[in-house]
Amino acid sequence: MKKVILITLGFLFGHMQEVAGQDLERIMWENPWQGGIVSAGMAFSDRDYSDISLYTGYRTGEFRNVYDPASVNSYGISTRSYMKLGNTYLNGSFAYGYDHRKNQRWLGILDPYRTPFMLADSVAGNYVLESYHMSAGMAIPVSGKWTLGWQLSYDAKNGAKYRDLRNKDTYMDFIIAPSVIYAHGPARIGLHLYFRRITEQTDYTQVETSTNKVLFLFSGMWFNTQQVFTSSAPGTRLLRDHLYGGGITLHYRPGKFSIYDHFSTGLREQSQREDVVRARKYGDVREWTWQNTLMLYYGPRHRIKADVSWAGLRGFEPIQRQELNQLSRLWEWVQYGTIPSFVQERTCVDINYSYRIARDENYDSWRITAGVSRNLFRQQWIKYPLAVQRSLNLTQVYAQLAKSWSAKRWMFDLSPGISYGAGQLEETSPEELQETLTGNDMGFENPENFRLTEPSGMENEFFTAKRIAAGITIRSTFIANRAKGLNLFAEAGYRYTRQLTATNKVFHEAGLSIGLIF
Amino acid sequence: MKRPGKILPVLFAAILLPVLLQGCLEVEPAYSALSVTVQPPDEQTGIDLTQVKIRAQGVDEPVFYEMYPDASGKARLEVSPGRYTMLLSALYPEGFSVSASYPEFLALPMETTDFTFTLDLALSGGIIFRQIYYAGSKTFEGANYTKDQFLELYNNTDQVYYLDSLCVGALAPANSTVSNNPWMGSDTVGLFQMTWMIPGHGTDYPLAPGQSVVLALNAIDHTARATSGLDLSHAHFGFYDEELPNHEKHPDVPALKRIFAGQGTAYSMSVHSPAPVIFRPVMGVARWLADVESWQNYQPGSTSGMKYMHIHRSWILDGVECVQNPANALKRQPTSVDAGFIWLQQGPNLGNAVVRKVQEVLPGGRIVYSDTNNSSADFLSDVPAEPILKPLWP
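Each protein sequence line maps, in turn, to chains A and B.
Per the numbering used here, the very first residue in the first sequence carries number 1; after that it's consecutive.
Per the numbering used here, the very first residue in the second sequence carries number 1001; after that it's consecutive.
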């Protein structure tokens, strides 16, 4: 689910705290169901919360993944709300984001880890991405013990690159998740199901035709075939993902001690084909995921949180050829099954401890969080009888402190954080599988091009290099109307990451947001 | 509900589950078996079949599988399922080569496909294509430019070769990107439209061992027009006919004779996948052209449309299968002429040609080029076009 993706992004971009006002953080501390997929759990919090904010951000630096642009300017607006109307609990959100990315390359789809089969080009160019997000949820207590809920979410993204070869991406993502909770005394148990559908279209074009541009057809781990882009080359892709899943959530609050555990699992099935009539297919994906979030509370001050997620992906190449349809007299692609050609595993573990001291019912004066995360990422590319494997891991320790001061109608938050990470890479060269020794020789026509070693090396370095990061967030809040809960806030943050190897690459992230809580 | 003390071990076990699941994604690689039986050519039944290289060439990916059969001609390849072509070839020191091929086929998972090949015999050496420049270049304004195409023939033997009445053309279909070849498997092949002949009365144009002759599609100086920088105003012959308004030729360059009119107002080769041939009809050019009923026909399976000149595959002295890429590699050359194919990996309009590999340089400096009737092995691709324009005849 989305949480898996968020954790993955944390892996890719470093450990970043989500920006949220103290009000909302406090609500989520007290009611861990809030904000999750089990919408029925909203009924355990009576506090209303709404905010609207404008934000801008900037990221740049050499210490970045191979798919990341040289710099990104982000702008956006977002609003969200949790409220109780009569006996019904509602939530809703909307967000619009605009990213201007400079010198992005190798990225044919928005998430390159969703499939190993990807069209891409090597020419760095500016890329603009617009994102829209809408969600709504409801919780309805139907008796003293039963609560029903549902959550809907819709995301749409449009991206376009402004240099040949230029790809245009259209992305849509829809989720529906019904849920039910049974509560008895200090015990609560929730069940949820979800269905998610993602559609992404990619279309490559060129404007300038006086030079030849190469389009890369990747099949995982930077193995590829290359073709000079022409109007007759297949430069389109249509990806469709269907995700099905569900899970169980337990919450037990016998006294000072409480425990919350949320487990969710699902299957993602993806197909990919040319976005034309009589299309050729390009690899299916099947991925099992599960994630578990365990939170242990002791009193109002102590919390241990453990997030674990796992995703196992298999890629299947279609076996197909063009055949003449005797009725239509047109050549069509006919598929004769698939073969496994790629394996990918992601495991993320994040355990942290948080301690807070409340100033009043809405705000904390101190909060300290310290934790450790470990991410494992394994890939295997298979072409009988060869297999190439790589295994990456990254372990990070981090700590964050949040201190809040209050002065009349003003409140100031200062939140410094620091993290250190180190990883390892294990990679094999193409080697023959022991159990499939054959009498014939296998080779590649152009081994230096068949696997691109330079971008592969950049990706490996980004995943595993030793790094240290430090950041700080400053937030000021003006309490305009305490009775109505009307607050104005401004927040600024900066984060610095340095790679601790000979190359000494750095990465800078800065952001500013202003908004209204009501 | 269980007490927390009993629930905790279960929950922490869940956290450890990823560790336990490590490695559970291993997959069984799928393969397809190709059972190959190789039979010698009828003319040379005693050849050593273990010299014949069997090569399954991937169509969708640049991957290949190779092996040699046993003395009885049997071999079994295990390949990753997918689309392949099969090429068999061998060059024997006695001066002949053998070859066979199979067009695109689908190797299915966990299935065995049987192939039986009878090898084709061909003489090696003789008059060959040394360089084929078909992909064109650019104008200085950036537009595609194809008028600087040329063919370069080479005498790869140690005997003088007379070029008089040698014919030049390209096989149909004109491009390797179409879905099928109506002439596939036939002993006669169609020429795509215009066909040309070197003039002369039998001994007018001798070509000494190690000499080249350049046939320019437009025998003019292109240096001021195109990025290739080719000056073909000194080419040995030009494809030129006064009835073709879109042809150009320097007045000093002798013209090839257009012996089949074809269609269009100019002769040009496919810029991404021609299949050029040089040939001599065994009955002589005049009788071949006169026998319209036998050699001028519609494409196989058709009774209307365009008529093509046909030739027997045994008349072809040399031919090269230039394709757009391995995924669009429709075979047009008979396998006895070219068991493989060659393509420009960097694409067209870069001023690049396909050029034959040097096999050896003899004492005295004469170069012998590789000629195994397999362009995959004999040619280099993406080589900047550079014709040898040494004057040959007064």
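Heads up, the beta-carbon is just placed ideally off N, CA and C, and yes, glycines get one too.
Cα-Cα separation, F377 of chain A to E130 of chain A: Working through the first sequence from its first residue, we reach residue 377 of chain A at position 377. Working through the first sequence from its first residue, we reach residue 130 of chain A at position 130. Cα-Cα distance, rounded: 29 Å.
Straight-line Cα distance separating V1320 of chain B from D1338 of chain B: As a first step, residue 1338 of chain B is located in the second sequence; it is residue number 338 there, counting from the start. As a first step, residue 1320 of chain B is located in the second sequence; it is residue number 320 there, counting from the start. D1338 of chain B and V1320 of chain B: Cα-Cα distance of roughly 6 Å.
May I have a chain-ordered list of the beta strand (DSSP E) segments no shorter than 3 residues that lie completely inside the region 268-310 of chain A? 284-298
Among A:R314, A:W333, A:L313 and A:T236, which residue has its Cα nearest to the Cα of R321 of chain A? As a position in the first sequence, residue 321 of chain A is number 321, starting the count at 1. Measuring from the Cα of R321 of chain A, the nearest candidate turns out to be A:W333.
Closer than 8 Å to chain A by CB, Y1298 of chain B: Position 298 of the second sequence, counted from the start, is the residue given in the question as residue 1298 of chain B. Not closer than 8 Å to any Cβ of chain A, the Cβ of Y1298 of chain B fails to qualify, so no.
Considering Cα atoms alone, identify which of A:P416, A:S456 and A:F462 is closest to W475 of chain A. Along the first sequence, one-based indexing puts residue 475 of chain A at 475. One detail in the question is off: residue 475 of chain A reads as Arg in this sequence, not Trp. If we check each option's Cα against that of R475 of chain A, A:P416 comes out closest.
So that I know if they touch, is there some Cβ in chain A lying closer than 8 Å to that of P1081 of chain B? Translated into the one-based positions of the second sequence, residue 1081 of chain B becomes position 81. Interface residue, yes.
Compute the Euclidean distance between the alpha carbons of N31 of chain A and A469 of chain A, then round it to the nearest angstrom. In the first sequence, counting from the first residue as 1, residue 31 of chain A sits at position 31. In the first sequence, counting from the first residue as 1, residue 469 of chain A sits at position 469. Whole-angstrom Cα-Cα distance: 30 Å.
Beta carbon of V1358 of chain B, beta carbon of V1383 of chain B: below 8 Å? Within the second sequence, the letter at position 358 stands for residue 1358 of chain B. Within the second sequence, the letter at position 383 stands for residue 1383 of chain B. In this structure, V1383 of chain B does not lie closer than 8 Å to V1358 of chain B by Cβ.
Between which two residues does the alpha helix (DSSP H) harbouring P1391 of chain B extend? Here residue 1391 of chain B is taken as the residue at index 391 of the second sequence, counted from 1. Segment: none, P1391 of chain B is in no alpha helix (DSSP H) and carries neither H nor E.
DSSP has G1169 of chain B in a bridge; who is on the other side? For the purposes of this step, residue 1169 of chain B is taken as residue 169 along the second sequence, with counting starting at 1. DSSP lists B:V1277 as partners of G1169 of chain B.
Counting along the chain, where does the beta strand (DSSP E) carrying M138 of chain A start and finish? Position 138 of the first sequence, counted from the start, is the residue given in the question as residue 138 of chain A. That run of the beta strand (DSSP E) goes G125 to P141.
Classification of L1034 of chain B by the beta-carbon crowding that lies within 10 angstroms, buried from 16 upward: By one-based count along the second sequence, residue 1034 of chain B stands at place 34. The residue is buried, with at least 16 neighbouring Cβ atoms inside 10 Å.
Would the beta-carbon of G125 of chain A fall within 8 Å of that of R166 of chain A? Residue numbering aside, residue 125 of chain A sits at position 125 when the first sequence is read from its first letter. Residue numbering aside, residue 166 of chain A sits at position 166 when the first sequence is read from its first letter. Cβ distance < 8 Å, so G125 of chain A and R166 of chain A count as in contact.
Take the Cβ of S1304 of chain B as the centre, count every other Cβ of all protein chains shown within 10 Å, and call the residue buried at 16 or more, exposed below. One-based indexing of the second sequence puts residue 1304 of chain B at position 304. Answer is exposed; the Cβ neighbour count stays below 16.
If we call anything under 8 Å between Cβ atoms a contact, is N446 of chain A one with P1062 of chain B? In the first sequence, the residue the question calls residue 446 of chain A occupies position 446. In the second sequence, the residue the question calls residue 1062 of chain B occupies position 62. Taking 8 Å as the Cβ cut-off, N446 of chain A and P1062 of chain B qualify as a contacting pair.
Interface residues of chain B around Y336 of chain A at Cβ under 9 Å? As a working mapping, residue 336 of chain A is identified with position 336 in the first sequence. Here the neighbours are P1081, L1106, L1108 and P1109.
Runs of beta strand (DSSP E) wholly within the region 349-432 of chain A (minimum 3 residues, chain order): 364-383, 386-407 and 410-427
Is the Cβ-Cβ distance between P186 of chain A and R253 of chain A less than 8 Å? Start at 1 with the first residue of the first sequence, and residue 186 of chain A comes out as number 186. Start at 1 with the first residue of the first sequence, and residue 253 of chain A comes out as number 253. For P186 of chain A and R253 of chain A, yes; Cβs fall inside 8 Å.
So what's Q1057 of chain B in DSSP terms, helix, strand or just coil? For this step, residue 1057 of chain B is matched to residue 57 along the second sequence. It is a strand residue.
Sorted by chain position, which residues of the same chain lie with C-beta nearer than 8 Å to L516 of chain A's C-beta, five sequence neighbours on each side aside? For the purposes of this step, residue 516 of chain A is taken as the residue at position 516 of the first sequence. Excluding positions up to five away in sequence, the list reads D51, I52, S53, L486, N487, L488 and F489.
Tell me the DSSP secondary structure of R80 of chain A in three-state form. In the first sequence, counting from the first residue as 1, residue 80 of chain A sits at position 80. Residue state, collapsed to three classes: strand.
Using the Cα positions of E1028 of chain B and G108 of chain A, report the straight-line distance between them to the nearest angstrom. The sequence position of residue 1028 of chain B within the second sequence is 28, counting from 1. The sequence position of residue 108 of chain A within the first sequence is 108, counting from 1. About 29 Å.
What's the C-alpha gap between S404 of chain A and S354 of chain A? Here residue 404 of chain A refers to the residue found at position 404 of the first sequence. Here residue 354 of chain A refers to the residue found at position 354 of the first sequence. So the two alpha carbons sit approximately 16 Å from each other.
Counting Cβ pairs closer than 8 Å, one from the region 1174-1186 of chain B and one from the region 235-248 of chain A, do we hit at least three? no
Hey, how far is the Cα of A1377 of chain B from the Cα of G1340 of chain B? Translated into the one-based positions of the second sequence, residue 1377 of chain B becomes position 377. Translated into the one-based positions of the second sequence, residue 1340 of chain B becomes position 340. Their backbone Cα atoms lie some 8 Å apart in a straight line.
Counting only beta-carbon separations shorter than 8 Å, does T1217 of chain B have a partner in chain A? The residue given as residue 1217 of chain B occupies position 217 in the second sequence. Strictly speaking, residue 1217 of chain B in this sequence is Leu, with Thr absent from that position. No, L1217 of chain B does not count as interfacial toward chain A.
How big is the Cα-Cα spacing for R273 of chain A and Y96 of chain A? Residue mapping note: residue 273 of chain A aligns to position 273 of the first sequence, counting from 1. Residue mapping note: residue 96 of chain A aligns to position 96 of the first sequence, counting from 1. C-alpha separation (whole angstroms): 29 Å.
Does DSSP put R64 of chain A in a helix, a strand or coil? Position 64 of the first sequence, counted from the first residue, corresponds to residue 64 of chain A. The three-state reading of DSSP puts R64 of chain A in coil, since its state is none of H, G, I, E or B.
Output needed for Q1299 of chain B: all residues of its chain with C-beta closer than 8 Å, excluding positions within five of it in sequence on either side, in chain order. Taking the second sequence and counting its residues from 1, the one referred to as residue 1299 of chain B is at position 299. Leaving aside the five residues that flank Q1299 of chain B on each side, the residues in its chain whose CB is nearer than 8 Å to its CB run, in chain order, A1172, P1182, W1183, G1190, G1305, M1306 and Y1308.
Limits of the unbroken beta strand (DSSP E) element including P1384 of chain B: For the purposes of this step, residue 1384 of chain B is taken as the residue at position 384 of the second sequence. Here the beta strand (DSSP E) through P1384 of chain B covers F1379 to P1384.
T230 of chain A - partner residues in DSSP beta bridges: Translated into the one-based positions of the first sequence, residue 230 of chain A becomes position 230. Looking at the DSSP assignment, T230 of chain A forms no beta bridge with any residue, so it has no partner.
Comparing C-alpha positions only, which one of B:D1048, B:L1153, B:F1239 and B:S1268 sits nearest to L1389 of chain B? Against the second sequence, residue 1389 of chain B aligns to sequence position 389. For L1389 of chain B, the nearest C-alpha among the options comes from B:L1153.
How about G443 of chain A: is its C-beta nearer than 8 Å to some C-beta of chain B? Taking the first sequence and counting its residues from 1, one reaches residue 443 of chain A at position 443. So yes, G443 of chain A belongs to the interface.
Check the C-beta distance from F216 of chain A over to A120 of chain A and give it rounded, since I have them as a contact under 8 Å. For the purposes of this step, residue 216 of chain A is taken as the residue at position 216 of the first sequence. For the purposes of this step, residue 120 of chain A is taken as the residue at position 120 of the first sequence. 5 Å between Cβ atoms; contact.
Would you call the CB atoms of P1326 of chain B and V1036 of chain B closer than 8 Å? Working through the second sequence from its first residue, we reach residue 1326 of chain B at position 326. Working through the second sequence from its first residue, we reach residue 1036 of chain B at position 36. For P1326 of chain B and V1036 of chain B, no; Cβs fall outside 8 Å.
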